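Heads up, the sequence shown is in this note's numbering, so the first residue is 964 and it goes up one at a time. Yeah, the Cβ is synthetic: ideal placement off N, Cα and C, and Gly gets one too. On a predicted model such as this, the values are computed, not experimentally measured, just so you know. First up is the structure itself, then whatever we jot down about it.
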Amino acid sequence: MTAARGEGPRVDLGPAPTQEDLAEAYDVCVVGSGASGALTAWALAGAGLSVAVVEQGGHVVDGVSYDDLLADSEAAWVRQENGTWGKIGYPWTTCNVGGGTLFYGGAFFRNRPVDFDAETALGAAELPLRWPFGYDELEPYYTAVEQLLGVAGEPGADPTLPPSSRPYPLPPVARSAEGALLADGASALGWSPFATPLALNTRGHLGRPACEADAPCICRKCPIGAKGDALRFLDPALRRGARLFAGLKAVRLRTAGRTATALECVRVDTGARYEVRARRFVVCANAVQSAALLLRSTGDRYPMGLGNTGDLVGRGLCFKLSEYVVGYRYNGGPGESATMGLGPFSTCAVTDLYEDPAAPGGLGGLLYEARPERPFRLRASEQLVRVEALVADEPQPGNRVRLGPGTDAHGVPDVLMDYQAHPRDLARLEHVLGQAERALSAAGCTVTVREASGWALGSSHLHGTCRMGEDPATSVTDTDGRLHDADNVHVGDGAVLPFPGGVNPTLTIQAVALRTAHRLLRDVYGADSSRLNLEPRYATTSATAETA
964 MTAARGEGPR VDLGPAPTQE DLAEAYDVCV VGSGASGALT AWALAGAGLS
1014 VAVVEQGGHV VDGVSYDDLL ADSEAAWVRQ ENGTWGKIGY PWTTCNVGGG
1064 TLFYGGAFFR NRPVDFDAET ALGAAELPLR WPFGYDELEP YYTAVEQLLG
1114 VAGEPGADPT LPPSSRPYPL PPVARSAEGA LLADGASALG WSPFATPLAL
1164 NTRGHLGRPA CEADAPCICR KCPIGAKGDA LRFLDPALRR GARLFAGLKA
1214 VRLRTAGRTA TALECVRVDT GARYEVRARR FVVCANAVQS AALLLRSTGD
1264 RYPMGLGNTG DLVGRGLCFK LSEYVVGYRY NGGPGESATM GLGPFSTCAV
1314 TDLYEDPAAP GGLGGLLYEA RPERPFRLRA SEQLVRVEAL VADEPQPGNR
1364 VRLGPGTDAH GVPDVLMDYQ AHPRDLARLE HVLGQAERAL SAAGCTVTVR
1414 EASGWALGSS HLHGTCRMGE DPATSVTDTD GRLHDADNVH VGDGAVLPFP
1464 GGVNPTLTIQ AVALRTAHRL LRDVYGADSS RLNLEPRYAT TSATAETA
């Protein structure tokens, strides 16, 4: 990746692989080191398998911001408002070791039970909205990830979730003045606001310190490791013997019959080509990049791409619809000004509108405090709160990832994201935004302003392009993430979600990835299920203090 004028590199790619690194076939090659890839590598390496992790980006250099990384990431072709195509889309959260989790706010919601069968609310759609399993199947994996990362939350406070099998391991974040404003308005309308669950240390946890609340979470990598990013899984995986090859772009999977044999890669700085051989492959590059990799993986048996026998790879692309509402309240008097917006990303959430009979289709969405990326100054007599409204989008076969018309500097085809929102989803977003404005008015805000999120250009909420299911006619993978038309390739990221749900996706993506890894260990490698416990398997960041 490049740097701006006079600046140093934003990422450190590290050394290129050596002949010795690639001499033998690994048990498993994991493509991607973000939320799902890091967890998958951790689970497999912890079981004693030899694991290679291939990551296109590099290690984030201290002081580099989210905007820096996003500006350097490859763009995708998207449909613009005037109907023309432009290479201005975002097919990444960010492209780097650890993925977008280094810069996310850590909002760690579970999908609601309705998200596993949205047809009960929205009716039948062009693509099935029903998951091949329900909330109860994923609940132990939700709990495991929450315990492993150390999620701070308010047990039993979310009125739209069943009771969890274990309480959150950390106490909730303290409510900010901005969060209190949202809570006041929500309570005035009869709703039940609660503390936003965050993958963030409200106190020391597993050898990592508590959050110091000295900057907005979404602008930088946490310098003290208090946020639950993917490095919490990747670092222990590397200590257990996994190998990380950064700076390698996955070009295509080579196949022999129904078996993938090698991952062809190109080094992004030099253009040198490499092959990583493995007996199994787990693709965790994100829903857009995973689909693009499979589409590029053509061969005699797979003329339309690996996994694409039914012409479904890339279809059902979902971004989620979102927009912000900013409310302003004046409390009287001049007052001294102070810096606002530091600390945790969100302290208050509302899910009362999730299943809302008044919403189009009867399915609403999420409202929660969402601090901006940069701090700002305000007088003590003023208050501002920024609220995000988030709704799930209905997967449509015409919304899809395709290969674009051009190539990058190394001859790899561009990515194209062909997406248009369902009219009912737009109406659902408008309904939830209107409810946000009601709540802010009830809290005494005299002015509300809408702020676009740019979701239609791609975002950090990427889902649905390699749908899982039991029927190959309507899905790309089976219930455990294995491609229907290949024997040794799994998809382990948000691409497999048949319906995305209307909350932030990281926890659900990681819970599904952990379930996929455990099924792989049990069914392919014969691991004793009783030993695949879901407890934390490391206690500190120190290799010598790590538990077995």
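Contact check, residue i vs residue j, beta carbons under 8 Å
{"i": "glycine 1455", "j": "cysteine 1281", "result": "no"}
{"i": "proline 1160", "j": "alanine 1115", "result": "yes"}
{"i": "serine 1253", "j": "glycine 1298", "result": "no"}
{"i": "tyrosine 1317", "j": "arginine 1093", "result": "no"}
{"i": "phenylalanine 1196", "j": "threonine 1442", "result": "no"}
{"i": "leucine 1470", "j": "alanine 1081", "result": "no"}
{"i": "alanine 1158", "j": "alanine 1107", "result": "no"}
{"i": "leucine 1425", "j": "glycine 1279", "result": "no"}
{"i": "alanine 1241", "j": "cysteine 992", "result": "yes"}
{"i": "leucine 1330", "j": "alanine 1390", "result": "no"}
{"i": "leucine 1420", "j": "tyrosine 1053", "result": "yes"}
{"i": "alanine 1405", "j": "glycine 1148", "result": "yes"}
{"i": "glycine 1009", "j": "arginine 1203", "result": "yes"}
{"i": "valine 1014", "j": "alanine 1200", "result": "yes"}
{"i": "arginine 1221", "j": "glutamate 1227", "result": "no"}
Contacts around residue i, its chain only, beta-carbon distance under 7 Å, and the 5 residues preceding and following it disregarded
{"i": "valine 1459", "result": "Cys1429, Arg1430, Met1431, Thr1440, Gly1444 and Val1475"}
{"i": "proline 1338", "result": "Pro1179, Thr1302, Met1303, Gly1304 and Leu1305"}
{"i": "leucine 1085", "result": "Leu1092, Gly1324, Leu1326 and Glu1357"}
Close beta carbons around residue i, own chain, < 6 Å, minus the five adjacent residues each side
{"i": "threonine 1261", "result": "Gly1268"}
{"i": "threonine 1503", "result": "The pLDDT assigned to threonine 1503 is 31, lower than 50, so where the model puts this residue is not dependable; a value taken from the coordinates is nonetheless given after this. Within the same chain, threonine 1503 has close Cβ partners Gly1170."}
{"i": "cysteine 1174", "result": "Leu1163, Asn1164 and Ala1189"}
{"i": "alanine 1143", "result": "none"}
{"i": "glycine 979", "result": "Sequence check: residue 979 is alanine here, not glycine. Result list for alanine 979: Arg1230, in chain order."}
Collapsed DSSP secondary structure at residue i in the structure displayed
{"i": "arginine 973", "result": "coil"}
{"i": "glutamine 1043", "result": "coil"}
{"i": "tryptophan 1154", "result": "coil"}
{"i": "glutamate 1509", "result": "Low local confidence applies: a pLDDT of 38 at glutamate 1509 is under 50, so the model's placement there is unreliable, with the coordinate-based value given in what follows. Correct three-state label for glutamate 1509: coil."}
{"i": "glutamate 1117", "result": "coil"}
{"i": "tyrosine 1104", "result": "helix"}
{"i": "alanine 967", "result": "Below a pLDDT of 50, predicted positions are generally treated as unreliable, and alanine 967, at 40, falls in that range; no measurement from the model is reported."}
{"i": "valine 1231", "result": "coil"}
{"i": "tryptophan 1048", "result": "strand"}
{"i": "proline 1499", "result": "Its pLDDT being 38, under 50, proline 1499 is placed unreliably by the model, and nothing is read from it."}
{"i": "leucine 1425", "result": "coil"}
{"i": "glycine 1327", "result": "coil"}
{"i": "tyrosine 1098", "result": "helix"}
{"i": "aspartate 1377", "result": "strand"}
{"i": "serine 999", "result": "helix"}
{"i": "aspartate 1456", "result": "coil"}
{"i": "leucine 1226", "result": "strand"}
{"i": "tyrosine 1029", "result": "helix"}
Limits of the unbroken beta strand (DSSP E) element including residue i
{"i": "serine 1300", "result": "1300-1303"}
{"i": "arginine 1349", "result": "1345-1354"}
{"i": "serine 1285", "result": "1284-1293"}
{"i": "phenylalanine 1244", "result": "1236-1246"}
{"i": "phenylalanine 1066", "result": "That residue, phenylalanine 1066, is in no beta strand (DSSP E); it is neither H nor E in DSSP."}
{"i": "phenylalanine 1462", "result": "Taken as a continuous stretch (DSSP letters only), phenylalanine 1462 belongs to no beta strand (DSSP E), as it is neither H nor E."}
Cutoff 8 Å; reference residue i; Cβ partners in own chain excluding five residues on either side
{"i": "serine 999", "result": "Cys1247, Gly1455, Asp1456, Gly1457, Ile1472, Gln1473, Val1475 and Ala1476"}
{"i": "aspartate 1486", "result": "Asp1443"}
{"i": "alanine 1384", "result": "Leu1284, Asp1356 and Ala1419"}
{"i": "asparagine 1249", "result": "Gly995, Gly997, Pro1054, Trp1055, Thr1056, Gly1062, Leu1425, Asp1456, Gly1457 and Ala1458"}
Residue i CB to nearest heavy atom of the ligand GTP below 7 Å
{"i": "lysine 1212", "result": "This structure does not include the ligand GTP; it has no bound ligands of any sort."}
Local Cβ density within 10 Å of residue i, reported as buried at 16 or more and exposed below that
{"i": "glutamine 982", "result": "exposed"}
{"i": "asparagine 1467", "result": "buried"}
{"i": "threonine 1064", "result": "buried"}
{"i": "valine 1412", "result": "exposed"}
{"i": "valine 1410", "result": "exposed"}
{"i": "tyrosine 1067", "result": "buried"}
Run of the alpha helix (DSSP H) containing residue i, from where it starts to where it stops
{"i": "glycine 1397", "result": "1386-1405"}
{"i": "leucine 1251", "result": "Residue identity check: residue 1251 is valine in the sequence provided, not leucine. Note, valine 1251: alpha helix (DSSP H), 1250-1259."}
{"i": "histidine 1481", "result": "1469-1486"}
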